[in-house]
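Start counting at 1 in the sequence shown, then tack on 1103, and there's your number in our numbering.
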Amino acid sequence: MSRCIQKTMETSFKLYVLQSNSCYFLTFNIYKDDKAKKRYADIDNTRTYLNKLYVEHLRDHVCRIRGVGDSDKDNLKLWKVIGVKSKDIKEQNISTEEDVQKLEGKEMELDELFSTYFQDELDKLDDDEDYIPESSIITIIPNASDFPNKKTKLEGLMF
């Protein structure tokens, strides 16, 4: 007998992925378990409760979606920004770490829980179910040319 597991999306955070002069828009959805009433993210079809969701999990998730290899993902950083929209990123030509810092972006440490950075927003959801967070996440996927000493993946392969 097949049972339908119901999940309710509680909110989502905008996630801007800057790569090769392009801005990709993703959402990072937060759900609430209907039984346990605990918040979680569905990452690669795995339910990860927020009390165990580290920034590193989000970074790795972005890398899988955008096809970033293991050797490059260590160069990825994530920043929390407030009130930034894709229009702002395009109009201000945001493409570097320095640009994100000008937006007052706060770098998110990989070994911190996701909720460390978004607890205020999550708390507001408890008081107002219609609350929409103004906070977003920005990450920049570096080009291969950003690492001149790094060999390309095809170097050394024999055909």
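By construction, the Cβ of each residue, glycine as well, lies at the ideal position given by its N, Cα and C atoms.
Going by Cα to Cα distance, which pick from D1163, W1182 and V1184 is closest to S1174?
D1163
Ranges of the beta strand (DSSP E) found wholly within the segment 1143-1229, counting only runs of at least 3:
1149-1152, 1181-1185 and 1209-1211
If you draw a straight line from the alpha carbon of N1196 to that of L1118, how long is it in whole angstroms?
Rounded to the nearest angstrom, the gap between the Cα atoms of N1196 and L1118 is 17 Å.
Taking the C-alpha atoms as reference points, what is the distance between L1228 and V1171?
V1171 has its alpha-carbon roughly 33 Å from the corresponding atom of L1228.
Since Y1134 contacts M1112 with CB under 8 Å, what's their CB separation in whole angstroms?
5 Å
What does DSSP give as the partner residue(s) for R1135 in the beta ladder?
Here residue 1135 turns out to be Lys, not Arg, going by the sequence shown. Looking at the DSSP assignment, K1135 forms a beta bridge with T1111 and R1142.
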